[in-house]
């Protein structure tokens, strides 16, 4: 991630050799560009270094297959990103799941607790949602000088403050080479692990939530490199999508007010039989439903459902050449599993077919078989 408050972290090879999986972390090379052999670009992480991205850029990322973002919210005990609100709004407007991270410096339990509170204050200034992933960015060189038990205890104290505030989805971002040596992953923090091979392909760290496999990926249509990650599960796909609060940040960036998202979210306390079938009302809760911009997708997996998800229209394998275009999305809470799932509402260009499809089945772009 390497995004300090005022400057990027000096290349990590000075602290931990080999994180890039190359002979030297300072070796310059060209930006990585899209290739079928590469890992997925499921998630992009952002900070004020990407403040120049426009809403159109976020739409482009979504079209390219990005499903989620992790936005830097805070650092230390007082810093809040001055572009946190705008990045949240732009990502939500593109239909991306929004998660947040805090760049940590804590070396004691008391410092960890204070930094966690700054993280909470920063996030609460832009959204009242609590179902996204709250990540601690654990890469400060000071951590390598502490014992693993000290770092583990400090992380536990940090997470405890988040949990007490209602944030129960946490994770740990760190270098893969640090796991088990400098810091431990655990059931609450399975890990978003950074390891950048020279020629990335396939998958890695299947027991972790995500693998950040490069810091210099160049999407088609973009003019700057971005950090990208492959997700190993759906943990990061429920992100913040609720209307931001109207409060402002309280540090030096307090002049930046949280703006409203471009989507108009319809919050529903619980589904009723008038809008959901009885069977679905017993199994899911509608968290929100919102309009979204038009994006092209294709798939042969899964099925399409009616608006209330109680009737299966057809299996997508029966329409292998179709391109689907989005116009709405909704988030459901699955009562039996205790997790969340997002569906996109799609139609064909001629309007003859449509329905709700689970986002995990959809591949970005016009159907290549068409």
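Residue numbers (mature numbering (1 follows the signal peptide of the UniProt record, and there is no 0)): -30 to -1, 1 to 340. From the three backbone atoms N, C-alpha and C, an ideal C-beta is built for every residue, glycine too. As the structure is a computational prediction, the values presented were derived from the model and not from experiment.
With a CB to CB cut of under 6 Å and the five nearest residues on each side skipped, what residues in its chain are close to residue 174?
-> The count along the chain shown starts at 1 and reaches residue 174 at position 204. Taken in chain order, the residues that qualify are 181.
Under the assumption that residue 329 contacts residue 139 (Cβ atoms under 8 Å), give the Cβ distance between them as a whole number of angstroms.
-> Locating residue 329 in the chain shown gives position 359, where the first residue counts as 1. Locating residue 139 in the chain shown gives position 169, where the first residue counts as 1. With 8 Å as the limit, residue 329 and residue 139 do not qualify as a contact, their Cβ atoms being about 18 Å apart.
Tell me residue 158's beta-bridge partners as DSSP assigns them.
-> Within the chain shown, residue 158 is the residue found at index 188, counting from 1. Answer by DSSP bridge pairing: none, since residue 158 is not bridged.
Is the stretch 263 to 277 in contact with the stretch 285 to 302, if contact means three or more CB pairs nearer than 8 Å?
-> yes
Closest to residue 48 by CA distance: which of 56, 55, 136, 89 is it?
-> Translated into the one-based positions of the chain shown, residue 48 becomes position 78. Nearest C-alpha to residue 48: 89.
Continuous alpha helix (DSSP H) assignments of at least 4 residues falling wholly in the stretch 98 to 152 = 118 to 134
Between the Cα of residue 20 and the Cα atoms of 7, 8, 35, 58, which residue gives the shortest distance?
-> On the chain shown, residue 20 is found 50 positions in, with the first residue counted as 1. It is 58 whose Cα lies nearest to the Cα of residue 20.
Span separating the alpha-carbon of residue 85 from that of residue 56 = Stepping through the chain shown from its first residue, residue 85 is reached at position 115. Stepping through the chain shown from its first residue, residue 56 is reached at position 86. For residue 85 and residue 56, the distance between alpha carbons rounds to 22 Å.
Given a cut-off of 7 Å, decide if residue 143 and residue 107 are closer than it, judged by their beta-carbon atoms.
-> Here residue 107 corresponds to residue number 137 of the chain shown, with the count starting at 1. Here residue 143 corresponds to residue number 173 of the chain shown, with the count starting at 1. Their beta carbons are under 7 Å apart, which means residue 107 touches residue 143 by this criterion.
Identity of the residues DSSP links to residue 295 by a beta bridge | The residue labelled residue 295 in the question sits at position 325 within the chain shown. Partner(s): 266, 317.
Could you tell me the distance, in whole angstroms, from the CA atom of residue 336 to the CA atom of residue 257?
-> Residue numbering aside, residue 336 sits at position 366 when the chain shown is read from its first letter. Residue numbering aside, residue 257 sits at position 287 when the chain shown is read from its first letter. Using only the alpha carbons, I get a separation of about 29 Å.
Identify, in the order they occur along the chain, each residue of the same chain with its Cβ nearer than 7 Å to the Cβ of residue 311, setting aside the five sequence neighbours on each side.
-> Indexing the chain shown from 1 puts residue 311 at position 341. If we look at residue 311 and ignore the five residues flanking it on each side, its Cβ neighbours are 302, 304, 328.
Close-in-space but distant-in-sequence residues of the same chain around residue 151 (CB under 8 Å, 5 per side omitted) | Taking the first residue of the chain shown as 1, we reach residue 151 at position 181. So the list reads 118, once near-sequence residues are dropped.
Residue 20 - containing alpha helix (DSSP H), residue span = Your numbering for residue 20 matches position 50 in the chain shown. From DSSP, residue 20 is part of no alpha helix (DSSP H); its letter is neither H nor E.
Inter-stretch contact (C-beta, 8 Å, three-pair minimum) for the stretch 181 to 201 and the stretch 25 to 40 | yes
C-beta atoms of residue 105 and residue 60 nearer than 7 Å | Taking the chain shown and counting its residues from 1, one reaches residue 105 at position 135. Taking the chain shown and counting its residues from 1, one reaches residue 60 at position 90. No, these two residues do not count as a Cβ contact at 7 Å.
By Cβ distance, which residues of its chain are closer than 6 Å to residue 64, with the 5 residues on each side in sequence left out?
-> Residue numbering aside, residue 64 sits at position 94 when the chain shown is read from its first letter. Counting only Cβ-Cβ distances below 6 Å, and skipping sequence neighbours, we find 28, 29, 32.
To which residues of the same chain is residue 146 closer than 6 Å at the C-beta, ignoring the five residues directly before and after it?
-> As a first step, residue 146 must be located in the chain shown, where it is residue number 176. Correct list, in chain order: 163, 165.
Answer with buried or exposed for residue 252, where buried requires no fewer than 16 other C-beta atoms within 10 angstroms of its C-beta.
-> One-based indexing of the chain shown puts residue 252 at position 282. Flag for residue 252 reads exposed.
CA-CA distance, residue 315 and residue 13?
-> Counting from one through the chain shown, the residue named residue 315 turns up at place 345. Counting from one through the chain shown, the residue named residue 13 turns up at place 43. Near 22 Å, if we compare the C-alpha coordinates of residue 13 and residue 315.
Neighbour-count burial assignment, residue 157, 16 or more Cβ in a 10 Å radius | In the chain shown, the residue the question calls residue 157 occupies position 187. It counts as exposed.
Reduced DSSP category for residue 324 - H, G, I as helix; E, B as strand; rest coil | Here residue 324 is taken as the residue at index 354 of the chain shown, counted from 1. The answer is strand: DSSP assigns residue 324 an E or B state.
Would you check if the distance between the CB atom of residue 18 and the CB atom of residue 68 is smaller than 7 Å?
-> For the purposes of this step, residue 18 is taken as the residue at position 48 of the chain shown. For the purposes of this step, residue 68 is taken as the residue at position 98 of the chain shown. Cβ distance not < 7 Å, so residue 18 and residue 68 don't count as in contact.
State yes or no: is the C-beta of residue 43 within less than 7 Å of the C-beta of residue 99?
-> Here the question's residue 43 lines up with position 73 in the chain shown. Here the question's residue 99 lines up with position 129 in the chain shown. Taking 7 Å as the Cβ cut-off, residue 43 and residue 99 do not qualify as a contacting pair.
Residue 124 and residue 82 closer than 7 Å at C-beta = Here residue 124 corresponds to residue number 154 of the chain shown, with the count starting at 1. Here residue 82 corresponds to residue number 112 of the chain shown, with the count starting at 1. Contact: yes.
For residue -30 and residue 114, the rounded distance between their alpha carbons | On the chain shown, residue 114 is found 144 positions in, with the first residue counted as 1. On the chain shown, residue -30 is found 1 positions in, with the first residue counted as 1. Each residue's Cα considered, the two are about 17 Å apart.
In the DSSP assignment, find the alpha helix (DSSP H) that holds residue 91 and state where it starts and stops.
-> Start at 1 with the first residue of the chain shown, and residue 91 comes out as number 121. Element bounds for residue 91: 79 to 94.
Roughly how many whole angstroms lie between the Cα atoms of residue 242 and residue 254?
-> One-based indexing of the chain shown puts residue 242 at position 272. One-based indexing of the chain shown puts residue 254 at position 284. Because the pLDDT of residue 242 is 31, which lies under 50, any placement of that residue in the model is unreliable, and the number read from its coordinates should be weighed accordingly. Spanning the two alpha carbons is a distance of roughly 11 Å.
Inter-residue Cα distance where the pair is residue -18 and residue 209 | Counted from its first residue, the chain shown places residue -18 at position 13. Counted from its first residue, the chain shown places residue 209 at position 239. Bear in mind that the predicted position of residue -18 carries a pLDDT of just 37, short of 50, making it unreliable; the figure below should be weighed with that in mind. About 32 Å.
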